[in-house]
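In the numbering used here, the protein residues as written are 433 to 541.
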């Protein structure tokens, strides 16, 4: 089992992993604003189910400093899945989207 860590710079790319591998996505998020990363609800959970979602701040955070949202997925079935997120203010709708993250993951034996 290996681990693949992705960041915002990886958006638009495709990756190949093996069944059992762990995929971690780390995205900056500032919880002092109303903007949050939101995972698209139709991610192929039978191929890449979300295992964990955590938000963390630096060890000695300063007011207004970015933290990191870490999403962890596990490749459990052979196939191809897309992981898509948008950074937005949910109650303001689609016009508030400030960034997007989108990768394609192929799971092989």
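Here a beta-carbon is modelled for each residue, glycine too, at the ideal position from N, C-alpha and C.
Counting the other CB atoms within 10 Å of its CB gives residue 523 a total below 16, which places it among the exposed residues. In the assembly as shown, residue 467 is a buried residue. Its beta-carbon has 16 or more other beta-carbons within 10 Å. For residue 453, the number of other beta carbons within 10 angstroms of its own is at least 16, and it is reported as buried.
In its chain, beyond the 5 residues on either side, 456, 483 and 484 have a beta carbon closer than 6 Å to the beta carbon of residue 504.
DSSP lists no bridge partner for residue 510. Looking at the DSSP output, residue 469 bridges to 519.
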